[in-house]
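Asks:
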Amino acid sequence: MQAISPQQRGNIPSLTIVVPCYNEEEVFSFCLSELKSLLENSIQAKKISAQSHILFVDDGSRDGTWSLIEQAAQADNLVHGVKLSRNRGHQIALMAGLSCVDTDICVSIDADLQDDIGCIPQMVEKYMEGNEIVYGVRADRSSDSFFKRWTANSFYKLMETMGIQQVANHADFRLLSRRALHSLLQFEEQNIYLRGMVPLLGYKTAQVFYARKERLAGESKYPFYKMLSLAIEGITSLTIKPLRFISILGAVTCFFSIIISILVIIQRFNGYVFPGWASVEISIFFLGGVQLLCLGVIGEYIGKIYMETKHRPKFFIQEKI
Numbered sequence: 001m002q003a004i005s006p007q008q009r010g011n012i013p014s015l016t017i018v019v020p021c022y023n024e025e026e027v028f029s030f031c032l033s034e035l036k037s038l039l040e041n042s043i044q045a046k047k048i049s050a051q052s053h054i055l056f057v058d059d060g061s062r063d064g065t066w067s068l069i070e071q072a073a074q075a076d077n078l079v080h081g082v083k084l085s086r087n088r089g090h091q092i093a094l095m096a097g098l099s100c101v102d103t104d105i106c107v108s109i110d111a112d113l114q115d116d117i118g119c120i121p122q123m124v125e126k127y128m129e130g131n132e133i134v135y136g137v138r139a140d141r142s143s144d145s146f147f148k149r150w151t152a153n154s155f156y157k158l159m160e161t162m163g164i165q166q167v168a169n170h171a172d173f174r175l176l177s178r179r180a181l182h183s184l185l186q187f188e189e190q191n192i193y194l195r196g197m198v199p200l201l202g203y204k205t206a207q208v209f210y211a212r213k214e215r216l217a218g219e220s221k222y223p224f225y226k227m228l229s230l231a232i233e234g235i236t237s238l239t240i241k242p243l244r245f246i247s248i249l250g251a252v253t254c255f256f257s258i259i260i261s262i263l264v265i266i267q268r269f270n271g272y273v274f275p276g277w278a279s280v281e282i283s284i285f286f287l288g289g290v291q292l293l294c295l296g297v298i299g300e301y302i303g304k305i306y307m308e309t310k311h312r313p314k315f316f317i318q319e320k321i
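First residue of the sequence shown: 1, per the UniProt record's numbering; consecutive thereafter.
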């Protein structure tokens, strides 16, 4: 698929806004109203074509989210819906929605609309300038708690140390051109971390900056333990550096063990024996903990290999509207 120059992008692009939803009954009406208003205004201003629409992806919600999507789609041609057969998680639900896109460009955004939808027209403008990917990036994290800021900054530094290409303070609010989306959908792995996968495409990118809003209603779908799980998913899916760190740790531990053993033998010949067993037991527990940690990291990678070799479908679409 050939790149499209800014000059060739003279036609008004068609846009799909992909919105993964999981138990979003409380915020759905607000989300629908805001996104519809944005689309209608953009279509009227001839920034996007009349074929543009919103695609809600129901990720196996347990509340009335799908019923609301059905009602909205039956009442308005701007609304489309996809229902997954079961809950598969945010990243796979987003991939399911992206696989259904048939427009020139698409923008992904969460249903809580904490990301600023006012950036979407700017993203379209960046696309018209020749960019294939446009990232929505938080301008600052002043609205977050100290703990959340510290964990977020630590996470980005850790990912950078691991050699993972990732845009700092960017979640999953981004624009993809048809070409970039086609390339992204060629990734076949089961373990998906889109924030690290999209930069691997290598196409021309741009950024738009915004201030993140407070959640209007409902609960965050990314509490701390899920953020931690996502971080582990990203690290183990995109780099093998933890395995290399384990090898280095093993080599360093062996080196110091040899040095200590030589010192003990020398002291033994000099007639001095180290008294007590406390230091020995501490060493045993420490090395045992290190070994279990290393086995856990190795097990995580082996588990991913196991899941990848099954070649199972990532999701099943139960219904479209």
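For every residue, glycine included, the Cβ atom is placed at its ideal position computed from N, Cα and C.
Exposed or buried, which one is I68 when buried takes at least 16 other CB atoms within 10 Å?
Replies: Taking the sequence shown and counting its residues from 1, the one referred to as residue 68 is at position 68. Note that residue 68 corresponds to Leu in the displayed sequence, not to Ile. So L68 ends up on the buried side.
Asks: Quick check: what's the CA-CA separation for S177 versus C106?
Replies: Translated into the one-based positions of the sequence shown, residue 177 becomes position 177. Translated into the one-based positions of the sequence shown, residue 106 becomes position 106. Distance between the alpha carbons of S177 and C106: 7 Å.
Asks: Does the beta-carbon of N77 have 16 or more other beta-carbons within 10 angstroms, so that it is buried, or is it exposed?
Replies: Position 77 of the sequence shown, counting from 1, holds the residue named residue 77. The residue is exposed, with fewer than 16 neighbouring Cβ atoms inside 10 Å.
Asks: What first and last residue would you give for the beta strand (DSSP E) that runs through K320?
Replies: Counting from 1 along the sequence shown, the entry for residue 320 is found at position 320. It spans 317-320 - the beta strand (DSSP E) in which K320 sits, taken as one unbroken run.
Asks: Would residue 338 and L84 qualify as a contact pair, given that the criterion is a beta-carbon distance under 9 Å?
Replies: Nothing can be reported for residue 338: it is not among the residues displayed for the chain, which extend from 1 to 321.
Asks: Which value, in whole angstroms, describes the spacing of the CA atoms of L55 and A72?
Replies: Here residue 55 refers to the residue found at position 55 of the sequence shown. Here residue 72 refers to the residue found at position 72 of the sequence shown. Approximately 11 Å between the Cα atoms of the pair.
Asks: Can you tell which of C119, A111, V82 has the C-alpha that lies nearest to the C-alpha of S33?
Replies: What you label residue 33 is simply residue 33 of the sequence shown in a count that begins at 1. Considering only alpha carbons, the answer is A111.
Asks: Evaluate the contact criterion for the stretch 185-202 versus the stretch 89-103: three or more CB pairs, one atom per stretch, below 8 Å.
Replies: Verdict: yes, contact present.
Asks: Can you say whether Y127 is buried or exposed, counting buried as having 16 or more other CB atoms within 10 angstroms of its CB?
Replies: Locating residue 127 in the sequence shown gives position 127, where the first residue counts as 1. Counting Cβ neighbours within 10 Å, Y127 comes out buried, since at least 16 surround it.
Asks: In this structure, does DSSP put Y210 in helix, strand or coil?
Replies: For this step, residue 210 is matched to residue 210 along the sequence shown. Y210 falls in the strand class under three-state DSSP.
Asks: Among the residues of its own chain, which have a CB less than 7 Å from the CB of R86, if the five just before and after it don't count?
Replies: On the sequence shown, residue 86 is found 86 positions in, with the first residue counted as 1. For R86, where only same-chain residues beyond five positions count, the Cβ hits under 7 Å are G60.
Asks: Just tell me which of G296, H53, K47, S257 has its CA closest to the CA of S283.
Replies: For the purposes of this step, residue 283 is taken as the residue at position 283 of the sequence shown. Ranking G296, H53, K47, S257 by Cα distance to S283 puts S257 first.
Asks: On the DSSP bridge list, what partners appear for L175?
Replies: Numbered from its first residue, the sequence shown carries residue 175 at position 175. V107, V134.
Asks: Go to I120, then tell me how far its alpha helix (DSSP H) extends in each direction, as first and last residue.
Replies: In the sequence shown, the residue the question calls residue 120 occupies position 120. Counting along the chain, the alpha helix (DSSP H) containing I120 begins and ends at 120-128.
Asks: Using the Cβ count rule (16 or more neighbours within 10 Å means buried), how would you classify R312?
Replies: As a first step, residue 312 must be located in the sequence shown, where it is residue number 312. The residue in question, R312, is exposed, as its Cβ has fewer than 16 Cβ neighbours within 10 Å.
Asks: Identify whether V101 lies in helix, strand or coil by the three-state DSSP scheme.
Replies: On the sequence shown, residue 101 is found 101 positions in, with the first residue counted as 1. Coil.
Asks: Thinking just about the alpha-carbon of each residue, which of V19, E26, S14 is nearest to the one in E40?
Replies: Residue mapping note: residue 40 aligns to position 40 of the sequence shown, counting from 1. For the residues V19, E26, S14, the minimum Cα distance to E40 belongs to S14.
Asks: Just list the beta strand (DSSP E) runs in the stretch 25-111, keeping only unbroken ones of 3 residues or longer that don't cross its boundaries, in chain order.
Replies: Fully enclosed beta strand (DSSP E) runs of 3 or longer: 53-58, 79-84, 105-108.
Asks: Considering Cα atoms alone, identify which of I248, G196, F187, L185 is closest to N169.
Replies: The count along the sequence shown starts at 1 and reaches residue 169 at position 169. Here the closest residue by C-alpha is G196.
Asks: Rounding to the nearest angstrom, what Cα-Cα distance links W66 and K320 in this structure?
Replies: For the purposes of this step, residue 66 is identified with residue 66 of the sequence shown, where counting begins at 1. For the purposes of this step, residue 320 is identified with residue 320 of the sequence shown, where counting begins at 1. Roughly 11 Å between the two C-alpha positions.
Asks: Does the distance from the C-beta atom of T103 to that of S29 stay below 9 Å?
Replies: The residue given as residue 103 occupies position 103 in the sequence shown. The residue given as residue 29 occupies position 29 in the sequence shown. Not closer than 9 Å, so no.
Asks: Are there any heavy atoms of the ligand NAD lying less than 8 Å away from the beta-carbon of I109, as far as the coordinates show?
Replies: The ligand NAD is not part of this structure, which contains no ligands at all.
Asks: Looking only at its own chain, which residues have a Cβ that is under 8 Å from the Cβ of G64, when we skip the five neighbours before and after it?
Replies: Here residue 64 refers to the residue found at position 64 of the sequence shown. Result list for G64: E25, in chain order.
Asks: Is there contact between the stretch 151-169 and the stretch 197-211, where contact requires at least three CB pairs shorter than 8 Å?
Replies: At 8 Å Cβ cutoff, the stretches touch.
Asks: Let me know the secondary structure DSSP gives V290 once reduced to three states.
Replies: Numbered from 1 along the sequence shown, position 290 holds the residue referred to as residue 290. Helix.
Asks: Give me the Cβ distance between L181 and V134, rounded to the nearest whole Å; I'm assuming they're in contact under 8 Å.
Replies: As a position in the sequence shown, residue 181 is number 181, starting the count at 1. As a position in the sequence shown, residue 134 is number 134, starting the count at 1. In fact, because the Cβ distance is near 13 Å, the residues do not count as touching under 8 Å.
Asks: What three-state label does DSSP hand V19 in the structure shown?
Replies: Here residue 19 corresponds to residue number 19 of the sequence shown, with the count starting at 1. Residue state, collapsed to three classes: strand.
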